[in-house]
Amino acid sequence: MFLSVVTVAFRNYEGVVKTWRSLRNLARDPGLSFEWIVVDGGSEDGTREFLQKRHGEFNLRFISEKDHGIYDAMNKGIALAQGRYTLFLNSGDAFHDDAALFVRQLARQKGEAMYIGDALLDFGGGHKIRRKAKPGYYIYHSLPASHQAIFFPTAALKKYPYDLQYHVSSDYALAARLYKAGYPFRRINGLVSEFSMGGVSTSNNLELCQDAKNVQRKILRCARILGAIILFITSENDG
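The numbers in numbering that gives the first Met the number 0 rise by one with no breaks, and the one at position 81 of the sequence shown is 80.
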């Protein structure tokens, strides 16, 4: 199995259907082997019944049970994943029409890395923006690509799963941890996915900033790096 697509859902039947439909964009390449893993939080909105009817499609496997939030659910998906790479495409997210072309390029890559691409952000009303993947060193500021456009080595995910202490930015923490463990970011030109941009409350924004600061301090050791730079500049000026 080359690719595991993990979808986390909770009370989002329509979103699951949208994601399922977009898998056809990936299936356009008959030589590409992939599986669809759905982790549902025990929804009672028809999601379970829909997935039961999809038995046999896209190598689907799913579980429907309570969890401790989105990152706990993602870890359940990681435990089930059998592909060489794993992509997280949650309910309502969709593969772009050109996704198969991107994954075909991915299949030709050598070396274990986090392969990143572009994503299309939908703000509604026909307003869409392409978020291009940035250089790997951008991780010291934020994720260099949308989470829905990062192909993780599955073996690395099983070794370094999502850390539940980061309530709103465990995706950033995971990517940072893999980066520090020796998995670089490598960009592939092309669009991977598209997803809608929802509103985020001010309190969540504050928590997101705090989480990100903790990632930069505890995992990326940004304070040490900044201190080393200041020390170097000071010594150069003194000389």
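Idealized CB from N, CA, C, for every residue including glycine.
- Taking 8 Å as the upper bound for CB-CB distance, A93 and I115 are not in contact here, some 18 Å apart.
- The DSSP assignment places complete beta strand (DSSP E) segments of no fewer than 3 residues inside the segment 43-98 at 60-63 and 84-87, in order along the chain.
- The closest CA to that of F101, considering only D117, R47 and K17, is found on D117.
- Assignment of beta-bridge partners to K217 by DSSP yields no partner.
- The beta strand (DSSP E) runs lying completely inside the segment 103-190 and spanning 3 residues or more are 113-121, 127-130 and 149-152, given in chain order.
- Counting C-beta atoms within 10 angstroms of its own C-beta, G181 has fewer than 16 neighbours from the protein chains shown and is therefore classed as exposed.
- With respect to the 9 Å criterion, T18 and S63 are not classified as neighbours on the basis of their beta carbons.
- Cβ-Cβ separation between G82 and L2: approximately 5 Å, consistent with a contact (criterion under 8 Å).
- Within the same chain, and ignoring the five residues on either side of D44 in sequence, the residues whose Cβ sits closer than 7 Å to its Cβ are R10 and Y12.
- By the Cβ neighbour-count rule, F122 is exposed, with fewer than 16 other Cβ atoms within 10 Å of its own.
- In the DSSP assignment, S3 falls within the beta strand (DSSP E) that extends over L2 to A8.
- Only exposed fits E48, as fewer than 16 other CB atoms lie within 10 angstroms of its CB.
- When Cβ pairs closer than 8 Å are counted between the two stretches, the segment 50-68 is seen not to touch the segment 133-150, the count staying below three.
- Checking the DSSP bridge columns, you'll see V37 partnered with T6 and F61.
- Leaving aside the five residues that flank G14 on each side, the residues in its chain whose CB is nearer than 7 Å to its CB run, in chain order, A8, S90 and G91.
- Using a 10 angstroms sphere on the CB of K75, the tally of other CB atoms reaches 16 or more, which defines it as buried.
- Distance from the CA of I36 to the CA of K179, rounded to the nearest whole angstrom, comes to 28 Å.
- A residue is called buried when at least 16 other Cβ atoms come within 10 angstroms of its Cβ; P160 meets this threshold and is buried.
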